[in-house]
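Report on the following structure.
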Amino acid sequence: MTTFKKLVIFLFLSICLSSSWANKTHDDFLECLSHKIRNSNTISQVIHTPKNSSYSTIYNSFSHRNLRITSNFKPSIIFTPNDESQIQAAIHCSKKHGLQIRIRGGGHDYEGLSYISEIPFVVIDLRKLRSISIDTQKKTAWIQAGATLGEVYYRIAEKSKKLAFTAGVCPTVGVGGHFSGGGYGMMSRKFGTAADNIIDAKLIDANGRIHDRKSMGEDLFWAIRGGGGTSFGLIISWKVKLLDIPEKVTVFNVPRTLEQNVTQLFYKWQHIADKVDDNLILRIFIRNSEFPFGGGKRTIHASFTALYIGGVDELLNEMQKSFPELGLVKEDCIEMSWIESTLFFANFPRNTSLDVLLNWNTTTNQTGFFKGKSDYVQQPISINGLEGIWKLFNQLVGENSGAEVQFSPYGGKLSDISESETPFPHRTGNIFMIEYAVYWGNIENSQSNIAWNRKLYGYMAKYVSKSPRAAYFNYRDLDLGVNNINGNTSYAQARIWGVKYFKNNFDRLVKIKTKFDPTNFFRNEQSIPPLLS
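In structure tokens form, the structure reads like this:
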């Protein structure tokens, strides 16, 4: 028998044995879970396998968000628990039978780590755990991890016109992952990140025990507020402090093109964006088409998009003082309630019903291909540097392709908090954050669009933070480095990507992981690893 034939036979047997092992693990897990959950009606409602019609419906509800994300394996089981005890049962059974788990909240993970893996696994989908309990007297709320930002905003506004919460713009993002990764949003210059406003949490650890802040201790409570919750346990719910706001805020979205002096406006914006009144956030969105896909002549245009926590007259005074070059006039501005502003920034038409915020499965969803990356800028980019960005935008080719680069200012409350207060380290010294996003509609364009995104990221290296080149954890990017899923990951290997997200906080996160999950039960391609003994 030739060496080649021996190799083919070996590979065939390996695949067969692997498949057989996976099937047995799957069956053992189901049997274990059925013993833990004795009600047969309940079992059929919470366990979904490829044999069930519900499986594809649920899987497609999160996998369709980014068609770039593919894997050799789909989850052998999707588990949609009704309560904490069922999650405890799933953790017990998966640990007992060696089946990896992935935890899904909103399903917006940029790299799909909440629903894909290269080894057999089960998804624990928290879609049924979405209760929101608000105490307007104490100005607090308990929010289950399966709720979306849109639901949180809606329920707060339902109770009070003068309370709000600071978190992201997209209403279908799940709070479980968003809060645990930091949670930047339109009010972050005034109130900090979502993680900065968490005051308690409930978490299930690798042994199935439920903890609150007191029982988990301050180290673990620190770690889950910006260090990525799925490295340390399964977060069931968050307790947050609600924030006082006026009944009216002011918004604007002012478009400008290259012919309308965008380069000079952007250059000036860099010098004031982190220094303006804390009540004002002024973001810039640069696009190279009728975003998101084609539809006309390809051109570069900018949107200057702002929220001011106050009235229009105060905003105009601040803009005249800080950024008169934009030429903002009263007609550009709209006064509205805070809850109405969440619809504005999610790009819903005026007079859209607030009920759309509760439509968690379809709100603003778009099927397509996507790749994102991020950076932090600490010194203004030169005019030549900006012009180089515009040139690269013109190099993006392919039908149904579009790019957007978001520039989000820091300063204000974000700079008042120390880098070590939470694992989210992006504080003083940062002028703004960048997100590089490229979208396309056809799989044939995947390679060229991803290459373009990486080329732009490479070009920006000389203009952004260094040692480390920082990145935002919620804009997950596997290009930065990955763990070994089938074996142990060394500290040195994980540190390659870890310091980019967490800077000096990475070391403390590793120590906490080693203490609370030494067997690395909760893991994925970019989870905090324990130190190897």
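Residue numbers for the sequence shown, in mature numbering (1 follows the signal peptide of the UniProt record, and there is no 0): -22 to -1, 1 to 511.
Each residue gets a CB set at the ideal place from its N, CA and C atoms; glycine is no exception.
These numbers come from a predicted model, not from an experiment.
A contact between stretches requires three or more CB pairs, one per stretch, nearer than 8 Å, and the segment 487 to 503 meets this requirement with the segment 189 to 205. For C71, the enclosing alpha helix (DSSP H) has its first and last residue at 62 to 75.
Listed in chain order, the alpha helix (DSSP H) runs fully inside the segment 21 to 45 are 31 to 41, counting runs of at least 4 residues.
Of the candidates E365, G195, I177, N185, the residue whose Cα lies closest to the Cα of E237 is E365. Per DSSP, E136 is one residue of the alpha helix (DSSP H) stretching across 127 to 137.
With the rule of 3 Cβ pairs closer than 8 Å, the segment 144 to 163 counts as touching the segment 213 to 227. The beta carbon of A324 is closer than 7 Å to those of V147, C148, P149, T342 in its chain, skipping five residues each way along the sequence. S396: not part of any alpha helix (DSSP H); DSSP gives it neither H nor E. Under the DSSP assignment, L243 falls in the alpha helix (DSSP H) whose first and last residues are 240 to 250. Here DSSP, grouped into helix, strand and coil, assigns K489 to helix. Of the candidates A381, G419, V151, T208, V151 places its Cα closest to the Cα of G128. For M165, no beta strand (DSSP E) encloses it, and the DSSP letter there is neither H nor E.
Within the same chain, Cβ atoms closer than 7 Å to the Cβ of S393 are found at R405, T406, the five residues on either side in sequence being excluded. Secondary structure at V416: strand, using DSSP grouped into helix, strand and coil.
Here V290 is actually not in contact with E318; their C-beta atoms are around 14 Å apart, not less than 8 Å. Taking Y417 as the centre and dropping the five residues before and after it, the same chain places the C-beta of P270, G346, F348, G380 closer than 6 Å to its C-beta, in chain order. Restricting attention to F40, T58, N60, I367, the CA atom closest to the CA of N266 is found in I367. Secondary structure at R191: helix, using DSSP grouped into helix, strand and coil. L107 sits buried, since 16 or more C-beta atoms from the chains shown fall within 10 Å of its C-beta. Within the DSSP bridge table, the entry for C311 names F230 as partners. The C-alpha of K246 is placed about 11 Å away from the C-alpha of N239.
In this structure, K351 is the residue among K351, I223, F480 with its C-alpha nearest to the C-alpha of K433.
Rounded to the nearest whole angstrom, the C-alpha separation of G419 and Q357 is 35 Å.
Looking from the CA of I474, the closest CA among N482, G459, A415 belongs to G459.
Boundaries for T58: no beta strand (DSSP E) harbours it, and the DSSP string shows neither H nor E there. Rounded to the nearest whole angstrom, the CA to CA distance from F371 to A449 is 21 Å. Around the C-beta of I506, 16 or more other C-beta atoms lie within 10 Å, and the residue is accordingly described as buried. Cβ atoms of K491 and P403 stay farther apart than 8 Å, at about 17 Å. By DSSP's assignment, L141 forms a beta bridge with D222.
For secondary structure counted as the alpha helix (DSSP H) over 4 or more consecutive residues, the segment 320 to 366 holds no complete run. Of the residues assessed, F282 falls on the buried side of the cut-off, its CB having 16 or more other CB atoms within 10 angstroms.
By the neighbour-count criterion, in which a residue is buried when 16 or more other Cβ atoms sit within 10 angstroms of its Cβ, K180 is buried.
Contact check between the segment 219 to 232 and the segment 113 to 120: three or more CB pairs, one atom from each, fall below 8 Å, which counts as touching. Straight across, the Cα-Cα distance linking Y286 with V153 is about 24 Å.
The three-state reading of DSSP puts A284 in strand, counting E and B together. Judged by DSSP secondary structure, L434 falls within the alpha helix (DSSP H) whose first and last residues are 424 to 437.
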